[in-house]
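J.: Using my numbering, you'd call the opening residue of the sequence shown number 71 and step up by one each time. Ideal Cβ positions, reconstructed from N, Cα and C, are used throughout, including at glycine. Nothing here was measured: the structure is a model prediction, and the numbers come from that model.
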Amino acid sequence: MSSEHQIRETEYCNGPSSATLRLANEFLSSYSLSEILPYRSFEPETQLFMNRSSVGFVIETLPLVGCGEDIPRQLTGLFQHAFPLGSNFQCLLLASSRIGVSLNTWENARSGHPLNGTSEVLEELAKERIAHMKQLAMGRGVRTFRLILSYSEPSHLVQSFEDILALREQILTTLKGWGLPVKVWHAEDLLSGLDELLNPSQILESPNIPWNIHDSLSHQLMSPETRWLLEPSQMVFGESEKVMRLYTTRVLPGVWHLNAMGILIGDPFDEFLRMQSGFFISYGVHIAHEKMLKTQMLAKCGNVEKQ
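In structure tokens form, the structure reads like this:
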């Protein structure tokens, strides 16, 4: 192998000299990440998001860590019969250290309202507990868990919004039947919900970002103060203020038992079996066209046989 060929391979590898990393950092130094995000607009009447090449909706709920045999059967039915061909469904479990809203709600319920019968002692105890929880949230593993479900269809496959709305109602009814709280995201929810992933910081509350109906949603997601630097094994934000590392599963278990669901969010009793920082787990499902896949597979087999 020639030295020139070796140099070319080195330039396009995934190490520090990767041309992909270099070009990506050059792009991020001059442009915002919002330039390549797909989000475009939001329709308040239908509560649907219009993206660059797709249409969809977002539902927020809580993770389900224990269930009976009926729930997996109902989930299987959704994927087999409810989702149309070509659609996409993503599950995002977000373990967030932004617990300020929950703490404020808890503290306000114990603040000095005579009708509540609270005393100054209870108020002081509540303030001390809130301060302690906020301190634990700054790197000691205290988090709130949110499950964000997003569904989308390619724009060219959408025949009517009524079909998408009917599917959303079916998903909402299913989740409510399991006793889970549900919320359909609006534009403001998207802006504040993705802020933690796109603009990591030490704040304990997601900012209330107003939605500008006349501008693209992508352009409203990124903070002007956010600076990204891509390294071979991680992403660095600001002056090494935050570091994000992404991992992918190499081997999946053949069978995943329901009693193992809690393992996904860590062991509550063993400090070595839980992450001390915020994290997220993303899992996406694409409903493929089986006939199209079969045709492509047969075509590839035919090409191989001709060689």
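Which parts of the segment 145-203 are runs of the alpha helix (DSSP H), unbroken and 4 residues or longer, counting only runs that do not cross its ends?
T.: Runs found: 170-178.
J.: For glutamate 113, does the three-state DSSP call read helix, strand or coil?
T.: Three-state DSSP puts glutamate 113 in a strand.
J.: Quick check on the burial criterion: 16 or more other C-beta atoms within 10 angstroms. Buried or exposed for leucine 118?
T.: It is buried - the Cβ of leucine 118 has at least 16 other Cβ atoms within 10 Å.
J.: Pick out whichever of Arg216, Met292, Leu134 has its Cα sitting closest to the Cα of valine 128.
T.: Cα-wise, what sits closest to valine 128 is Arg216.
J.: Between serine 230 and glutamine 240, what straight-line distance do the alpha-carbon atoms span, to the nearest angstrom?
T.: Cα-Cα distance, rounded: 16 Å.
J.: In whole angstroms, what separates the C-alpha of threonine 319 from that of valine 355?
T.: Cα to Cα, the separation comes out at about 15 Å.
J.: Output yes or no for whether 7 Å exceeds the beta carbon distance between arginine 168 and glutamate 258.
T.: No, they are not a contact pair.
J.: Just to confirm, is the Cβ distance from glycine 156 to proline 224 under 7 Å?
T.: A contact, by the Cβ cut-off of 7 Å.
J.: If we count Cβ pairs, one from each stretch, closer than 8 Å, do we get three or more for the segment 258-269 versus the segment 279-293?
T.: Cβ pair count under 8 Å is three or more, so yes.
J.: For leucine 268 and glutamate 311, what's the separation of their Cα atoms in angstroms?
T.: Near 14 Å, if we compare the C-alpha coordinates of glutamate 311 and leucine 268.
J.: Who are valine 355's beta bridge partners in DSSP?
T.: Per DSSP, Phe159.
J.: In the DSSP assignment, the beta strand (DSSP E) including glycine 126 goes from what residue to what residue?
T.: Looking at the DSSP string, the run of the beta strand (DSSP E) that includes glycine 126 is 124-131.
J.: Any idea what DSSP makes of leucine 260, helix, strand or coil?
T.: Here leucine 260 sits in helix by DSSP.
J.: Within 10 Å of its beta-carbon, does arginine 315 have 16 or more other beta-carbons around it, so buried, or fewer, so exposed?
T.: Counting Cβ neighbours within 10 Å, arginine 315 comes out exposed, since fewer than 16 surround it.
J.: According to the Cβ coordinates, are leucine 164 and leucine 250 closer than 7 Å?
T.: No, Cβ-Cβ distance for leucine 164 and leucine 250 is not below 7 Å.
J.: Determine the closest residue to leucine 134 out of Val228, Asn121, Ala152, Leu162, with distance taken between C-alpha atoms.
T.: Nearest C-alpha to leucine 134: Leu162.
J.: Exposed or buried, which one is valine 325 when buried takes at least 16 other CB atoms within 10 Å?
T.: Answer is exposed; the Cβ neighbour count stays below 16.
J.: Just checking, does the segment 187-207 make contact with the segment 90-110 on the three C-beta pairs under 8 Å criterion?
T.: Counting Cβ pairs under 8 Å, fewer than three are found: no touch.
J.: Using the DSSP secondary-structure output, state which residues sit across from lysine 253 in a beta bridge.
T.: Lysine 253 is bridged to Glu130.
J.: For arginine 180, which of Val171, Leu192, Ser172 has the nearest alpha-carbon?
T.: Ranking Val171, Leu192, Ser172 by Cα distance to arginine 180 puts Leu192 first.
J.: Skipping 5 residues on each side, what residues in its chain have a beta carbon closer than 7 Å to that of valine 306?
T.: Excluding sequence neighbours, valine 306 sits near Leu299, Val313.
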